[in-house]
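No gaps in the numbering here: position 33 of the sequence shown is 40 in our numbering, and each next residue is one more.
Structure, as structure tokens:
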Amino acid sequence: MTLPAALRRIYSARPSHILPFCERVKSIIRDSELNFPDIQTVDFQIFPPYNIPQFSFINPFSGFDKSKTSPVIYQQLFSFHRCRYSSYRPIFTDGSKAVGHVGCGIIFDADISSDQRRP
8 MTLPAALRRI
18 YSARPSHILP
28 FCERVKSIIR
38 DSELNFPDIQ
48 TVDFQIFPPY
58 NIPQFSFINP
68 FSGFDKSKTS
78 PVIYQQLFSF
88 HRCRYSSYRP
98 IFTDGSKAVG
108 HVGCGIIFDA
118 DISSDQRRP
């Protein structure tokens, strides 16, 4: 594994110019002139550090512009959607943004969760 050229330029431009650990170890191994067999490397940057769950959802509101659509249209669409998909588990989300924080709320079944983050 070698450091990509773009990252090498970034590290060269830094005042401290400290290369990543793998690059420093490779130079030590190279300078020591020890006979190592080929070392197999894994590029960890191609794997996310967490599992991203894949799920399907239906968003009947995606084709509507909030500023140009009457609230009555949204109410009718919501009522139709809940009637048609009554066996599905509904999940409601909302978010808000203020000068000092952002917030979000999630409601599904009888569980309500909310959080507020400050910059």
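Glycine included, C-beta positions come from ideal geometry on N, C-alpha and C.
(1) Give me the Cα-Cα distance between G70 and C111, rounded to the nearest whole angstrom.
(2) Rounded to whole angstroms, what's the CA-CA distance from R124 to I113? Just pull it up for me.
(3) To which residues does DSSP link D101 through a beta bridge?
(4) Mind checking who Q123 pairs with in its DSSP beta bridge?
(5) The ligand FAD heavy atoms versus the CB of Q123: any closer than 7 angstroms?
(6) Under 8 angstroms, do F115 and R91 count as touching if we go by C-beta distance?
(7) For D38, which of helix, strand or coil comes out of DSSP?
(8) Spatial neighbours of F99 within its chain, please: C-beta separation below 6 angstroms, excluding the five flanking residues on both sides.
(9) Using the C-alpha atoms, what's the distance from Q61 back to I36?
(10) Starting from the C-beta of S39, find all residues in its chain whose C-beta is less than 6 angstroms away, skip the five residues before and the five after it, and write them out in chain order.
This is what the structure gives:
(1) 23 angstroms
(2) 15 angstroms
(3) G112
(4) G110
(5) With respect to small molecules bound, the structure shown includes none, and the ligand FAD cannot be examined in it.
(6) no
(7) helix
(8) I114
(9) 42 angstroms
(10) none
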